[in-house]
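Numbering-wise, our numbering comes out as the position in the sequence shown, counting from 1, plus 1.
Glycine included, every Cβ here is placed at the ideal spot set by N, Cα and C.
One structure below.
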Amino acid sequence: MSLFFELLQISLGTRDRFSRGPSVVEWQELFNEAQRQAVIGLLMIGVERLPNDQRPPRDVMLKWIGLTMTVEQISQMQQKRATELTEKVRELGFRSCVLKGVGIAQLYPNSLRRQGGDIDLWVDGERQGVLPKLSTQYNIGKTFSHHTDVEFFDDVKVEIHFRPSWLYNPVFNCRLQRFFERKKYEAMQARAIGYNYPSVEFDAVYSLAHTFHHLLEEGVGFRHVIDYYYIIQNLPNEERPKTLTAINSVGLGKFLSAMMYVLTEALGIDRKYLLCAPNAKEGNFLLNEISNAGNFGKQRKGGELKRNSFKRYSVVVLHYPNHVLWMIPWKIWHLLWRTWQSAKRVCC
Numbered sequence: 002m003s004l005f006f007e008l009l010q011i012s013l014g015t016r017d018r019f020s021r022g023p024s025v026v027e028w029q030e031l032f033n034e035a036q037r038q039a040v041i042g043l044l045m046i047g048v049e050r051l052p053n054d055q056r057p058p059r060d061v062m063l064k065w066i067g068l069t070m071t072v073e074q075i076s077q078m079q080q081k082r083a084t085e086l087t088e089k090v091r092e093l094g095f096r097s098c099v100l101k102g103v104g105i106a107q108l109y110p111n112s113l114r115r116q117g118g119d120i121d122l123w124v125d126g127e128r129q130g131v132l133p134k135l136s137t138q139y140n141i142g143k144t145f146s147h148h149t150d151v152e153f154f155d156d157v158k159v160e161i162h163f164r165p166s167w168l169y170n171p172v173f174n175c176r177l178q179r180f181f182e183r184k185k186y187e188a189m190q191a192r193a194i195g196y197n198y199p200s201v202e203f204d205a206v207y208s209l210a211h212t213f214h215h216l217l218e219e220g221v222g223f224r225h226v227i228d229y230y231y232i233i234q235n236l237p238n239e240e241r242p243k244t245l246t247a248i249n250s251v252g253l254g255k256f257l258s259a260m261m262y263v264l265t266e267a268l269g270i271d272r273k274y275l276l277c278a279p280n281a282k283e284g285n286f287l288l289n290e291i292s293n294a295g296n297f298g299k300q301r302k303g304g305e306l307k308r309n310s311f312k313r314y315s316v317v318v319l320h321y322p323n324h325v326l327w328m329i330p331w332k333i334w335h336l337l338w339r340t341w342q343s344a345k346r347v348c349c
C-alpha cells in the first residue's frame, strides 16, 4: 500500500498511523500529491492525527498549514456566495439547490476543509424560461444543453444548471432525467444554512454519474472518490436497495462496483457501507486512472488518455461500450444544437 493511501485512510479515520515513518523526500511527495489531487485540506486532518514521531518536517508542515488556511478561507467565501446566489435566483422567481461542492461539503467532518471549485446551482426551470430572466441583470457566458455560465461574482465562477447532469446513452439518460425530476422538489427545500442542497439519496446517484463523466472525458481525482465515501457512509440503510436499483437502471452498475473497489483498497472503507460487491478488474482500471490523472485530469502524469483523445475513447470503450459508443453522435448533435442556438441569438 502506498503512503499516500495510508495518509488518506488516517485522514478519514480508517487507520491510526503510517506503517512506517515517511522520509523527508517522501513527505514532500505526499504534499505534492495532496496538491495534485486537491485534497490538501482534508489530508491536514490526517497530519494532525499523526503521532509526533510521524509528523512531517517543519518546512512541509508550515506549507501544509498555510495552504489549509487558504482552502478554509475560500470555502467560507464560497458558502457565503452560495447563500447570496440562492437569494438572487429566488428574487428572479426560481427555486434552486447547490450541486456538488458546498453541498457535499456538509457531509465532511469539517466542511471548510473540502477544496471547492466553482458553484453549480440547479434551478427549477427550463432553459428557455431561465435564460431571458438571467440576461436582464447578468452576463451570460457559454451555454450548453444542460447548463450555462453566468457572471454573478468576481471571485467565484457560477454555472446555472437546467439539469444536474446527463448520460450519452439516450435510454439511460431518459431514466436519469426521470430520477432527477422525482427528486427535484425535495432537493430544493429550504435548509438552515442559507442555501439548499440535495439529499444523500440524490447524491448517491448524481455524484456517481458526475464522476463517471469525468472518467469518460478527462479524468477522475481522489476528491470525487472522497465525496462518494462520505455520501455512502451517510446513506440510510432503508435507501440502499432503492439507490442500487436507480444506479443499475441508468447503466452505472459496473462503474459503481469499480468505485466500491477503490473505496475499499485506497480509502479502507468499512465493507458494511458498500452498495455492491467490488469489481477488482474495473476497480484497478479506475484506481490507475485516478492515480495518474489528478484532480480533473489537469495534472496528468504522462501523455496517456488525454481529454477527448482517440486514445482515451479507445481504452474506455473496452470498459463501458454502452456509454462511449454514444459519445460521438451526442457530441455531433450538441455542436449542431449550439450552432443553431448561436444563430438564433444573432438573428434576434
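Using a Cβ distance threshold of 8 Å, Val263 and Leu245 do not count as a contacting pair. Judged by pairs of C-beta atoms under 8 Å, the stretch 88-95 does not touch the stretch 58-74, as fewer than three such pairs exist. For the pair of segments examined, the stretch 332-342 was found not to touch the stretch 220-236: the number of CB pairs separated by less than 8 Å stays below three. Cβ atoms of Leu86 and Val159 come within 8 Å of each other, at about 6 Å. The beta carbon of Asn280 is closer than 8 Å to those of Lys255, Ser258, Ala259, Met261, Tyr262 in its chain, skipping five residues each way along the sequence. Beta-bridge analysis with DSSP links Asn33 to no other residue.
Assignment of Ser97 by DSSP, reduced to helix, strand and coil, places it in the strand class. In the three-state reduction of the DSSP assignment, Asp271 falls in the coil class, being assigned neither a helical nor a strand state. As summarised for the stretch 113-165, the continuous beta strand (DSSP E) elements at least 3 residues long and confined to that stretch are 120-124, 140-144, 148-152, 159-162, given in chain order. Within the same chain, Cβ atoms closer than 8 Å to the Cβ of Glu7 are found at Arg16, Phe19, Ser20, the five residues on either side in sequence being excluded. Residues of the same chain with a CB within less than 7 Å of the CB of Gly47, apart from the 5 flanking positions on each side, are Leu8, Ile11, Ser12 in chain order. Rounded to the nearest whole angstrom, the C-alpha separation of Tyr321 and Asn53 is 46 Å.
Under the DSSP assignment, Trp65 falls in the alpha helix (DSSP H) whose first and last residues are 59-92. Look at Gly47 here: in three-state DSSP terms it is helix.
In its chain, beyond the 5 residues on either side, Ile46 have a beta carbon closer than 8 Å to the beta carbon of Pro110. Scanning its chain for C-beta atoms nearer than 6 Å, with the 5 sequence neighbours on each side dropped, one finds around Leu108 the residues Tyr231, Asn235, in chain order. Contact check for Ile105 against Val131 fails: the beta carbons are separated by 8 Å or more. By the neighbour-count criterion, in which a residue is buried when 16 or more other Cβ atoms sit within 10 angstroms of its Cβ, Asp156 is exposed.
By the neighbour-count criterion, in which 16 or more other beta carbons inside 10 Å mark a residue as buried, Val206 falls on the buried side.
Counted as a single uninterrupted DSSP element, the alpha helix (DSSP H) harbouring Ser208 occupies residues 201-218. In the three-state reduction of the DSSP assignment, Leu337 falls in the helix class, which pools H, G and I. The straight-line gap separating the alpha-carbon atoms of His324 and Arg313 is approximately 14 Å. For Trp327, the secondary structure class from DSSP, reduced to helix, strand or coil, is coil. Look at Arg56 here: in three-state DSSP terms it is coil, with no helix or strand label. Scanning Gly142, Lys185, Met328, Ala35 for the CA closest to the CA of Phe213 turns up Met328. By the beta-carbon neighbour count (other beta carbons within 10 angstroms, threshold 16), Met70 is exposed.
The shortest CA-to-CA distance from Tyr139 to any of Val90, Arg37, Gly284 is the one to Val90. With 16 or more other Cβ atoms from the protein chains shown falling within 10 Å of its own Cβ, Trp167 counts as buried.
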